[in-house]
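*Asks:* The sequence shown begins at 13 in my numbering and counts up by one.
Quick reminder that beta carbons are idealized off the backbone N, C-alpha and C, glycines included.
Predicted model only: the values in this text are computed from it and were never measured.
First the structure, then my questions, so here it is.
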Amino acid sequence: MHGHADKQAQPQDLSRALSRAQSQALLTPAEMARADRAAMAAGHAGTALMEAAGEAVARAVQARWQRGSVVVLCGPGNNGGDGFVVARCLAAAGWPVVVALLGERAALRGDAAHHAALWTGEVVPLTPAVLDGAEGVIDALFGAGLARDIEGVARATLAAVDTLGLPVCAVDVPSGVDGASGQVRGIAVAADFTVTFFRKKPGHLLLPGRQLCGELVLADIGIPDSVLSEVPPLAHENGPALWLAHFPWPRMDGHKYARGHALVVGGAVMTGAARLSAMGAARVGAGLVTVAAPTSAWQVYASALTSIMVQPLAHAGALEEVLRDERKNAMAIGPGAGVTAQTRRHVLAALATGRAVVLDADAITAFAGQGERLFEAIHGPCVMTPHEGEFGRLFPGAGSKTDRARAAAAKSGAIVLLKGPDTVIAAPDGRVVINTNAPPDLATGGSGDVLTGLITGLLAQGMTAFDAAACAAWLHGEAADSFGPGLIAEDIPAQIPAVLRGLRALS
13 MHGHADKQAQ PQDLSRALSR AQSQALLTPA EMARADRAAM AAGHAGTALM
63 EAAGEAVARA VQARWQRGSV VVLCGPGNNG GDGFVVARCL AAAGWPVVVA
113 LLGERAALRG DAAHHAALWT GEVVPLTPAV LDGAEGVIDA LFGAGLARDI
163 EGVARATLAA VDTLGLPVCA VDVPSGVDGA SGQVRGIAVA ADFTVTFFRK
213 KPGHLLLPGR QLCGELVLAD IGIPDSVLSE VPPLAHENGP ALWLAHFPWP
263 RMDGHKYARG HALVVGGAVM TGAARLSAMG AARVGAGLVT VAAPTSAWQV
313 YASALTSIMV QPLAHAGALE EVLRDERKNA MAIGPGAGVT AQTRRHVLAA
363 LATGRAVVLD ADAITAFAGQ GERLFEAIHG PCVMTPHEGE FGRLFPGAGS
413 KTDRARAAAA KSGAIVLLKG PDTVIAAPDG RVVINTNAPP DLATGGSGDV
463 LTGLITGLLA QGMTAFDAAA CAAWLHGEAA DSFGPGLIAE DIPAQIPAVL
513 RGLRALS
């Protein structure tokens with residue numbers, strides 16, 4: 013949906029997004045293996061599933077490449093078995109095919125051995141030399157469940173593919189990409205397109221895996237959706253199907269007070285941040301929005317904001333007095349706040365109300381080294397929106413982005429929205445959503461402040477914290493994408509109405 017400044021989101025664009033969202037469950041490699049076993053237990057033969065997978069890859073290749081000489085790199089497991097099917101299908105269609113196998117043909121087992129036996133052509137040992145004269149490569153060396161770094165002749169061959177710049181079709185994932193985390197195990201070559209089966213995996217959406225997959229093709233190979241009842245996924249790709257049924261559209265019998273009152277706590281110096289948050293909250297539908305700002309900066313806020321109220325904070329305990337008004341039911345603290353004891357006091361006062369709170373930027377950094385103090389104060393709906401640097405100040409440690417976000421949510425009791433091109437939203441109960449629609453144009457100062465406001469505005473209208481975070485991240489990405497190049501943070505709230513119009517057409 014990349015476009016220009018005058019482009020608005022159209023219902024048909026969002027309709028496509030909703031259609032994609034119907035299959036947005038994500039399965040880790042371990043979960044996918046369980047789904048395979050469940051399908052076979054239900055009467056779907058493994059050999060038939062492998063045949064369907066290879067046929068799907070061959071169709072994708074024929075649709076994208078002109079007929080030419082291809083080398084199929086086959087590994088010693090089921091990914092290699094898929095490769096043998098691809099080779100047989102392409103050869104039957106008149107393509108010159110070379111099959112190169114890592115290991116001995118006699119060592120293949122199960123479904124892979126069955127399909128290798130159906131290949132009547134030559135099988136050569138895997139070496140970089142097999143690439144001589146190739147016009148394209150089918151990467152069927154290792155699938156999403158790779159357990160260790162690629163080394164030896166497999167690594168050398170993949171390095172040669174990269175050096176030669178050959179077109180690559182990856183089977184399941186580019187070899188070397190961890191299907192659970194998106195991280196690279198030793199080496200991985202960027203594919204022009206990747207064909208995967210039944211459901212996407214987190215590694216297809218998390219960086220750097222997402223960049224290495226190229227175009228991602230999701231193929232139906234006959235596994236019934238019913239297996240998901242035996243392998244209930246905790247992770248999903250973000251999209252309207254997850255939360256559209258709970259979106260707080262204005263009601264005919266409603267009024268501004270029924271649509272919630274969002275409070276944004278502003279700072280004394282970086283006043284633009286809180287103003288961007290306030291505009292985000294207002295555009296997404298909060299009935300009332302107030303910025304509470306230090307008296308020294310009150311005039312700056314008041315002169316810049318029209319439909320948004322500005323309330324001065326005249327002394328150190330003034331925010332507590334403002335919070336006595338229980339109609340202010342969702343609060344945002346952090347953008348432009350400053351890393352100060354006063355910011356910590358404001359955060360603790362907001363959390364003490366038990367109402368919905370969004371913590372961003374300085375509200376997170378202010379608790380560096382004092383994480384437990386913050387976590388113990390969280391009793392109501394809370395969303396934290398750190399980028400990687402802020403996240404590390406509260407939640408040090410390693411692991412995949414989804415694992416780290418999950419652990420942080422469980423430890424803090426908050427919804428954790430870990431920002432980036434592959435934003436991850438995690439709940440304390442283990443649910444995870446990966447957002448994929450954010451364009452690179454969002455890497456501009458203040459865009460995160462708008463996101464904070466969008467979440468706050470949705471919380472004010474009664475969305476749950478998890479739904480509000482997921483919905484806001486998606487709206488944020490769609491608004492930026494619909495604007496296109498040249499985006500600055502001030503443009504995002506202005507794009508929200510067009511995105512909402514398209515979204516409402518789906519409701």
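Count the C-beta pairs between the segment 231-245 and the segment 53-63 that are closer than 8 Å, then say yes if the count reaches three, no if not.
*Replies:* Counting Cβ pairs under 8 Å, three or more are found: they touch.
*Asks:* Only counting the same chain, and skipping five residues up and downstream in sequence, which positions put a Cβ closer than 7 Å to that of V445?
*Replies:* Here the set comprises H248, N250, L254, I437, A482.
*Asks:* Look at the alpha carbon of F259 and the alpha carbon of A422, and state the distance between them as a whole number of angstroms.
*Replies:* In a straight line, the C-alpha of F259 is about 25 Å away from that of A422.
*Asks:* I'd like to know whether the C-beta atoms of Q507 and A491 end up nearer to each other than 7 Å.
*Replies:* Yes, they are a contact pair.
*Asks:* Once the 5 residues before and after A70 are set aside, which same chain residues still bring their CB inside 6 Å of it?
*Replies:* Cβ within range, chain order: V98, C101, L102.
*Asks:* My assumption, with CB atoms under 8 Å, is that V189 sits in contact with V180. Please give the rounded CB distance.
*Replies:* The Cβ separation is near 12 Å, so there is no contact.
*Asks:* When the Cα atoms are used, what is the spatial distance from E116 to D434?
*Replies:* E116 and D434: Cα-Cα distance of roughly 39 Å.
*Asks:* Taking the CB atoms as reference points, tell me whether S424 and F387 lie closer together than 7 Å.
*Replies:* In this structure, F387 lies closer than 7 Å to S424 by Cβ.
*Asks:* Provide the residue span of the alpha helix (DSSP H) that contains L515, from first to last.
*Replies:* From DSSP, the alpha helix (DSSP H) with L515 extends over 503-516.
*Asks:* Report the three-state DSSP secondary structure of E227 (helix, strand or coil).
*Replies:* Strand at E227.
*Asks:* Can you tell me which of the three DSSP states F403 falls into?
*Replies:* Helix at F403.
*Asks:* Per the DSSP calculation, C483 is bridged to which residue(s)?
*Replies:* Per DSSP, none; premise fails for C483.
*Asks:* Could you work out which residue in R160, L518, A280 is closest to Q311 when comparing CA atoms only?
*Replies:* That would be A280, whose Cα lies nearest to the Cα of Q311.
*Asks:* Going by C-alpha to C-alpha distance, which of N90, L240, P252, A202 sits closest to L228?
*Replies:* It is A202.
*Asks:* To the nearest angstrom, report how far apart G350 and M282 are at their CA atoms.
*Replies:* Those two C-alpha atoms are separated by around 8 Å.
*Asks:* At what residue ranges does the segment 315-358 contain a whole run of the beta strand (DSSP E), taking only runs of 3 or more?
*Replies:* Within the segment 315-358, the complete beta strand (DSSP E) runs of at least 3 residues are 321-325, 340-345.
*Asks:* Cα separation between R160 and V395?
*Replies:* In a straight line, the C-alpha of R160 is about 35 Å away from that of V395.
*Asks:* According to the neighbour-count rule (16 or more other Cβ atoms, all chains shown, within 10 Å of its Cβ), is E43 buried or exposed?
*Replies:* By the 10 Å Cβ count, E43 comes out buried.
*Asks:* Compute the Euclidean distance between the alpha carbons of L518 and V185, then round it to the nearest angstrom.
*Replies:* When rounded, the distance between both Cα atoms is 33 Å.
*Asks:* Just grab the DSSP bridge partners of V183 for me.
*Replies:* Paired residues: V207.
*Asks:* Is it buried or exposed for S9, if we count other Cβ within 10 angstroms and need 16 for buried?
*Replies:* Summary: the structure shown does not reach residue 9, with the chain confined to residues 13 through 519, and so no result is reported for it.
*Asks:* Whole angstroms is fine: what's the gap from Q223's alpha carbon to R516's?
*Replies:* Rounded to the nearest angstrom, the two C-alpha atoms are 32 Å apart.
*Asks:* Could you check what DSSP says for L38 in three-state terms: helix, strand or coil?
*Replies:* Strand, per DSSP.
*Asks:* Check for me: the beta strand (DSSP E) holding E249 runs from which residue to which?
*Replies:* Segment 247-249, the beta strand (DSSP E) holding E249.
*Asks:* Classify Q382 as buried or exposed, calling it buried when 16 or more other Cβ atoms lie within 10 Å of its own Cβ.
*Replies:* Under this definition Q382 is an exposed residue.
*Asks:* Could you say which of A75, P440, A51, A57 lies nearest to D204 if we only look at CA atoms?
*Replies:* The residue with the shortest Cα to Cα distance from D204 is A75.
*Asks:* Using 10 angstroms around the beta-carbon of A33, count the other beta-carbons present and answer buried if the total reaches 16, otherwise exposed.
*Replies:* Low confidence applies to A33: its pLDDT is 43, below 50, so where it sits in the model is not reliable, and the reading given next is rough at best. Answer is buried; the Cβ neighbour count reaches 16.
*Asks:* Can you grab the Cα-Cα spacing for the pair P440 / R418, in whole Å?
*Replies:* The alpha-carbon atoms of P440 and R418 are separated by roughly 7 Å.
*Asks:* What does the alpha-carbon distance come out to for the pair I345 and V165?
*Replies:* Rounded to whole angstroms, I345 to V165 spans 54 Å at the Cα level.
*Asks:* What does H391 pair with, by DSSP beta-bridge criteria?
*Replies:* BP columns for H391 are empty, so no partner.
*Asks:* At the level of alpha carbons, what is the spacing between A105 and V73?
*Replies:* Each residue's Cα considered, the two are about 11 Å apart.
*Asks:* Considering only their Cβ atoms, is the gap separating V109 from V82 smaller than 7 Å?
*Replies:* A contact, by the Cβ cut-off of 7 Å.
*Asks:* Provide the residue span of the alpha helix (DSSP H) that contains A172, from first to last.
*Replies:* First-last of the alpha helix (DSSP H) with A172: 164-176.
*Asks:* Taking the continuous beta strand (DSSP E) assigned at G148, which residues delimit it?
*Replies:* That run of the beta strand (DSSP E) goes 148-152.
*Asks:* Alpha carbons only, please: which of D337, L430, L317, S412 is nearest the one belonging to D372?
*Replies:* Residue L430 is the option with its Cα nearest to D372.
*Asks:* Within this structure, are the beta carbons of A270 and G278 separated by less than 7 Å?
*Replies:* For A270 and G278, no; Cβs fall outside 7 Å.
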